[in-house]
Amino acid sequence: MTFRTLIRITSLATLFTILASLSACHVVGAGVRVEARTDYPPPPVHRPVPPPHAPAHGHRRLHRYYYYPEVSIYFDTGRGLYFYLSGDRWISSVRLPGHLRGRLSGHVELELETPEPWREYHRHHKAYPPGYFKKKKKKKKKKHHDYHDD
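Residues 697 to 846 in my numbering are what the sequence shown lists, from first letter to last.
Below is the structure:
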């Protein structure tokens, strides 16, 4: 066997191997079908909504206050602020001045649409005047004596 014959046999064997490999990779029934579709669902309707931190349209937030009739002080329970009269001005603060701190007694719970409760002060002062709770206690005490058996 000559060198030339050896190269021909090797070349033919390599060619046969390549052809056999390619015939094994035959793909049967592969394809892509494209169809026109007309029954797609409609796109979602975008309706603007307020962000989570904002109230809904037409909704007014109610602010809850404690009103102390004896000293004409408001306390905003949501913000932790006191509103009190100093001279002819309303002051807001997270702490009361020392001369007012010890004077807080009974309070009335109010729900208002305003973050400025003093704007309705004259109405609240008339409905809950100083001594409001003392009058209620006297009425209760008197009522208690009516039912007391001696």
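Where a beta carbon is used, it is the ideal one built from N, C-alpha and C, also for glycine. Everything numeric in this text was worked out from a predicted model, so none of it was measured.
When secondary structure is reduced to three states using DSSP, residue 807 falls in the strand class. In the structure shown, residue 708 adopts helical secondary structure according to DSSP, grouped into three states.
For residue 759, the enclosing beta strand (DSSP E) stretches over residues 759–764.
With a threshold of 16 other beta carbon atoms within 10 Å, residue 768 meets it and is buried.
DSSP places residue 785 inside the beta strand (DSSP E), whose first and last residues are 785–789.
Judged by their CB atoms, residue 829 and residue 801 are nearer to each other than the 8 Å cut-off. Between residue 792 and residue 761, the CB-CB gap reaches or exceeds 8 Å. Per DSSP, residue 777 lies in no alpha helix (DSSP H); the unbroken beta strand (DSSP E) holding it starts and ends at 777–782.
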